[in-house]
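In my numbering, the protein residues as written are 143 to 340.
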């Protein structure tokens, strides 16, 4: 396996599915494996990472990426889900690589405004392999590489467990949605905004 390996793309693109598949394969090969998930990722609880298809893998919850280095001394392959939610990933990745550990990660590469997550950009630069995972556009059914946030969504940049506020879109349909939101704001229209999630 090339390492670091990153599965990235929009929501519902199968990124976590790819991560789980790699970890299961490593287990079958009798390699020592451990998975980690950010403690802020409360979507599926703290004991596993789970894909939208239902596949799961046991995981340890961590608040900062440096914990992964501390907890991986006897581990050969490390899986990390949702790295965009986790502080310190680039530095932890450098140390894990120096120690000869194999790493495989899954993450959104951009937020719903099309901005690259800073730490993810650094990780992609260090990766030996990047797998872009498109979803299916909810509007036109073509490949979707963007995550669109509905106008009624809360304003926080990260909404954990709030899939009902997002949809995958191709670039054209995402841009049309962004333009429509901007137009409505310019005309003074108000969206009914949901309360902030806890």
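Backbone N, C-alpha and C define an ideal beta-carbon position, used for all residues, glycine too.
Check: Leaving out the 5 sequence neighbours to the left and right, which residues in its chain are closer than 6 Å to residue 271 when beta-carbon positions are compared?
Finding: Excluding residues within five positions, the ones whose Cβ falls inside 6 Å are 144 and 147.
Next item on the list: May I have the straight-line CA-CA distance separating residue 308 from residue 295, to the nearest angstrom?
Entry: When rounded, the distance between both Cα atoms is 8 Å.
Notebook entry, point to check: Does the distance from the C-beta atom of residue 160 to that of residue 310 stay below 8 Å?
Noted result: Their beta carbons are not under 8 Å apart, which means residue 160 does not touch residue 310 by this criterion.
Next item on the list: May I ask which residues mark the beginning and end of the beta strand (DSSP E) holding residue 244?
Entry: According to the DSSP assignment, residue 244 belongs to the beta strand (DSSP E) that extends over 244-250.
Note to self: When you compare the CB positions of residue 116 and residue 225, do they come within less than 8 Å of one another, or not?
What the structure shows: Because the chain here runs from 143 to 340, residue 116 falls outside it and cannot be looked at.
Item checked: Helix, strand or coil at residue 147 according to DSSP, with G and I counted as helix -> Strand.
Checklist line | the region 210-223 touching the region 172-183, judged by at least three CB pairs closer than 8 Å | finding: The region 210-223, when compared against the region 172-183, does touch it at the 8 Å Cβ threshold.
Checklist line | Residues near residue 239 in its chain [Cβ-Cβ closer than 8 Å; skip 5 each side] | finding: Only 145, 146, 245 and 268 meet the Cβ criterion.
Item checked: Inter-residue spacing [alpha-carbon to alpha-carbon] between residue 251 and residue 242 -> Their backbone Cα atoms lie some 25 Å apart in a straight line.
Notebook entry, point to check: Ends of the beta strand (DSSP E) at residue 223?
Noted result: Counting along the chain, the beta strand (DSSP E) containing residue 223 begins and ends at 219-223.
Item checked: For residue 229, the three-state DSSP class (helix, strand or coil) -> If DSSP states are grouped into helix, strand and coil, residue 229 belongs with coil.
Check: With residue 262 and residue 315 assumed to form a contact (beta carbons below 8 Å), what rounded beta-carbon distance in angstroms separates them?
Finding: Wrong, their Cβ atoms sit about 23 Å apart, outside the cutoff.
Margin query: Does residue 285 come out as helix, strand or coil in the three-state DSSP assignment?
Written below: Residue 285 falls in the strand class under three-state DSSP.
Note to self: Spatial neighbours of residue 234 within its chain, please: C-beta separation below 8 Å, excluding the five flanking residues on both sides.
What the structure shows: 207, 208, 210 and 211, listed in sequence order.
Note to self: Quick check: what's the CA-CA separation for residue 150 versus residue 169?
What the structure shows: Their Cα atoms are separated by approximately 22 Å.
Item checked: Check whether residue 228 and residue 152 have beta carbons under 8 Å apart -> Contact flag unset, no.
Item checked: Whole-Å CB distance - residue 190 paired with residue 201, under 8 Å assumed -> Rounded, the Cβ-Cβ distance is 5 Å, consistent with contact.
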